[in-house]
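Below is one structure, written out as structure tokens, with a few remarks after it.
Chains as they are written, first to last, in the UniProt record's numbering: chain S, 1 to 401; chain P, 1 to 325.
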């Protein structure tokens with residue numbers, strides 16, 4: 001620490017700094033005058049756009065499925081596709097992603113299939129998480145995507161630790177963690193940034209500042225100018241970016257990754273965006289925000305913005321758009337039907353994975369449970385069918401998870 | 001008498017407490033204009049202003065730390081933690097601070113005004129993190145009281161008592177029953193005692209003890225048991241810290257059998273504490289081992305929630321085994 005003495009009692013408020021928002025692509029899909037697009041190959045741009053569209057359609061259809069009672073719960077990424085997919089596309093596909101819960105776009109980009117999504121959403125026997133978590137709590141080891149945990153911000157210090165391990169391993173990978181501006185109020189956020197700076201960790205903290213934490217607007221979440229200025233307190237690289245601008249997000253994250261991996265320095269990215277959908281299928285935003293505000297943000301829609309840019313470059317056409325939308329909708333329907341028909345996970349998934357090996361005490365509890373279920377198979381159709389696939393039970397209630 | 005659901009009863013209690021005492025302050029995530037994600041604090045901000053009912057930043061340790069300070073100053077904070085599953089970042093502020101404030105200062109300072117409201121429990125397809133019943137962690141902490149109401153009438157009377165209690169209270173609300181449980185609730189102010197169990201039904205063969213949402217499950221089990229010819233005595237503990245040992249002892253001395261049920265896992269669950277105390281006090285009167293019908297020693301599941309839950313059939317089977325022991 002260097003000490004500079006002054007002899008006037010002058011206070012600083014932080015307003016001395018003003019953090020600009022890095023943006024390249026205007027709401028109309030045209031580059032701002034003087035803005036230079038990042039190097040983005042034709043194929044990569046198409047992969048990004050297709051992922052954005054696939055995420056949009058998946059969300060649209062699954063919310064509808066929830067409304068029809070086919071699914072217990074859903075959360076949409078709508079409005080934030082550029083932030084999530086732009087950041088993911090700038091990473092190496094083997095970099096670790098530790099997300100909050102609204103970042104399914106990252107998985108779409110990395111190749112998580114609709115079947116894989118559906119198996120988790122319906123909690124069936126093929127769900128990697130064995131039907132234990134609520135819908136949208138995805139995870140994929142092969143795609144380097146940590147399984148989602150509902151408690152907010154817990155993944156942020158874990159990302160610091162994971163990235164520290166990557167640094168020691170010397171494999172040239174980094175970790176990117178997504179979180180909302182609300183979650184950044186948790187103590188875990190501050191601990192994560194401080195430890196990352198102190199220990200020089202290759203981690204990217206990617207804040208989706210989407211304006212709302214359920215009903216709480218950002219203005220009631222923090223008094224400062226967003227999340228970005230907090231980086232100064234930890235002496236960390238920081239950039240604020242237009243989160244609905246795919247090119248800006250992509251380039252900012254690419255550069256952040258270089259700082260993280262080449263210099264072993266953590267970076268904070270604050271992406272300014274908007275949660276166009278409700279917090280979840282259980283939420284109704286009409287109780288706390290105006291339609292007018294939602295409409296204003298719809299004009300800045302990230303998917304449409306990238307589409308216009310792609311059309312201008314003749315990297316995309318309306319015919320392709322129509323065709324892809326139709327095939328995606330069809331795929332959602334087919335995979336949903338398949339997943340819904342599959343049975344629930346086997347009964348022993350109730351007690352496996354609590355520890356690496358089941359404990360004797362838990363085994364006793366499980367044996368008692370099996371005896372009980374065999375006595376009342378109709379009351380526990382899933383358990384009963386799992387125990388004795390031939391048993392006929394009167395009320396199979398598949399699809400209500 | 002008006003009919004209210006459990007949420008309306010809680011809202012009514014908060015309204016009465018805020019109207020009566022301007023030191024009562026309600027806050028937490030989304031409790032302001034939105035009225036909380038379950039709407040328990042609906043209209044309170046409109047009625048009492050933003051200074052007394054407000055949204056906080058999303059930080060549970062901050063909410064309870066802030067509440068501790070506010071209570072120490074002499075205000076009466078009613079802090080909401082949105083789900084009991086999310087109370088753990090505040091564990092330090094509850095266990096090391098709220099619970100020890102009075103003791104460590106020789107009663108120079110205390111946070112007796114503090115009430116923490118939080119929805120708990122399963123049966124709503126909530127999976128690991130919207131289903132837990134963490135009461136036993138806190139029951140292991142001398143210095144905080146733990147109250148769990150079973151229906152709207154109880155919720156209003158117990159919450160008013162909690163807010164006015166001289167000690168910090170964690171008030172666990174059975175969220176499965178928020179809208180499902182409806183009953184007559186007086187519009188006016190009333191309190192129910194903390195630390196006193198209620199005998200809901202007298203019987204001679206076995207004593208059934210529970211609290212909160214589990215009382216409804218016990219009722220269903222009792223219907224089966226009575227059909228099978230077993231006479232059950234039903235006790236709602238209402239608060240598990242302190243818990244009304246005498247009422248349970250008196251009942252077990254009469255019936256000679258005891259069953260305790262909770263949704264939380266078996267090991268370290270509060271049923272273990274009750275069982276230990278009752279075998280000390282009633283050893284020679286017990287005619288069968290004390291039965292515990294609880295969740296499994298696992299995290300809370302989702303697809304197999306039905307199999308996990310300590311439901312009426314499991315309670316009924318345990319009643320039968322106990323009586324026929």
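Cβ coordinates follow ideal geometry from the N, Cα and C atoms, glycine included. Note that this is a predicted model, so its numbers are computed, not measured.
| query | result |
| --- | --- |
| Given a threshold of 16 other Cβ atoms within 10 Å of its Cβ, counted over all protein chains shown, does residue 283 of chain P qualify as buried or as exposed? | exposed |
| State buried or exposed for residue 6 of chain S, treating a residue as buried only when at least 16 other CB atoms are found within 10 Å of its CB. | exposed |
| Which runs of the beta strand (DSSP E) fall wholly inside the region 126-207 of chain P and span at least 3 residues, in chain order? | 145-147, 169-174, 182-184, 198-201 |
| On a Cα-Cα basis, can you pick out the residue from P:319, P:316, P:306, P:321 that is closest to residue 123 of chain P? | P:306 |
| Looking at chain P, which residues of the region 41-71 of chain S have a Cβ within less than 8 Å of any of its Cβ atoms? | none |
| What span of residues does the alpha helix (DSSP H) with residue 338 of chain S cover, start to end? | 318-341 |
| Name the two residues that bound the continuous alpha helix (DSSP H) containing residue 157 of chain S. | 155-169 |
| At which residue ranges does the region 18-45 of chain P contain complete alpha helix (DSSP H) runs of 4 or more residues, listed in the order of the chain? | none |
| Does the distance from the C-beta atom of residue 172 of chain P to that of residue 148 of chain P stay below 7 Å? | yes |
| When you compare only the Cα positions, how much space is there between residue 396 of chain S and residue 85 of chain S? | Per-residue confidence for residue 396 of chain S stands at a pLDDT of 47, beneath the threshold of 50, marking its modelled position as unreliable; the derived number appears in the next sentence. For residue 396 of chain S and residue 85 of chain S, the distance between alpha carbons rounds to 39 Å. |
| Grab me the residues of residue 380 of chain S's own chain with a C-beta within less than 7 Å of its C-beta, minus the 5 sequence neighbours each way, in chain order. | 373 |
| What does DSSP give as the partner residues of residue 270 of chain S in its beta bridges? | S:207, S:240 |
| Who are the neighbours of residue 365 of chain S on chain P, taking C-beta pairs under 8 Å? | 266, 296, 297 |
| Give a yes or no on whether 7 Å exceeds the smallest Cβ distance from residue 199 of chain P to chain S. | no |
| Identify which residue in P:23, P:304, P:239 has its Cα closest to the Cα of residue 139 of chain P. | P:239 |
| Any beta carbon of chain P sitting closer than 7 Å to that of residue 273 of chain S? | no |
| For the region 31-56 of chain P, which residues have a CB atom closer than 7 Å to at least one CB atom of chain S, in sequence order? | 33, 34, 37, 55 |
| Going along chain P, which residues have a C-beta under 7 Å from residue 373 of chain S? | 307 |
| Against chain S, with Cβ distances strictly below 7 Å, would residue 125 of chain P count as a contact? | yes |
| Could you tell me which chain A residues have their CB closer than 8 Å to the CB of residue 160 of chain P, listed as they occur along the chain? | Looking at the structure shown, chain A is missing, and the protein chains on hand are S and P. |
| List the residues that DSSP assigns as beta-bridge partners of residue 86 of chain S. | Beta-bridge pairing links residue 86 of chain S to no other residue. |
| Once you ignore the five residues that flank residue 260 of chain P on each side, which residues in its own chain have a CB closer than 6 Å to its CB? | 209, 271, 274, 292 |
| Could you tell me whether the Cβ of residue 208 of chain P comes closer than 7 Å to any Cβ of chain S? | no |
| Assign residue 314 of chain S to buried or exposed, taking buried as 16 or more other Cβ atoms, counted over all protein chains shown, within 10 Å of its Cβ. | exposed |
| Give me the residue from S:349, S:345, S:353 with the minimum Cα distance to residue 123 of chain S. | S:345 |
| Can you find a C-beta in chain P that's less than 7 Å from the C-beta of residue 212 of chain S? | no |
| Can you list, in chain order, the residues of its chain with a C-beta nearer than 7 Å to that of residue 273 of chain S? Leave out the 5 residues immediately preceding and following it. | 79, 80, 83, 208, 209, 210, 243, 244 |
| What residues in the region 116-128 of chain S bring their beta carbon closer than 7 Å to a beta carbon of chain P? | 123 |
| Evaluate residue 179 of chain P with the Cβ neighbour count: other Cβ atoms within 10 Å of its Cβ, from every protein chain shown; 16 or more gives buried, anything less gives exposed. | exposed |
| What three-state label does DSSP hand residue 252 of chain P in the structure shown? | helix |
| Comparing alpha-carbon positions, which option in S:371, S:368, S:248 lies nearest residue 35 of chain S? | S:248 |
| What is the residue span of the alpha helix (DSSP H) that residue 190 of chain S lies within? | 187-198 |
| By the three-class DSSP mapping on this structure, what secondary structure does residue 223 of chain S have? | coil |
| Give the single residue among P:119, P:223, P:297, P:230 whose Cα lies nearest to the Cα of residue 7 of chain P. | P:119 |
| I'd like to check one pair, residue 28 of chain P with residue 63 of chain P: are the Cβ atoms closer than 7 Å? | yes |
| If you pair each beta-carbon of the region 14-29 of chain P with each one of the region 137-157 of chain S, do three or more pairs fall below 8 Å? | no |
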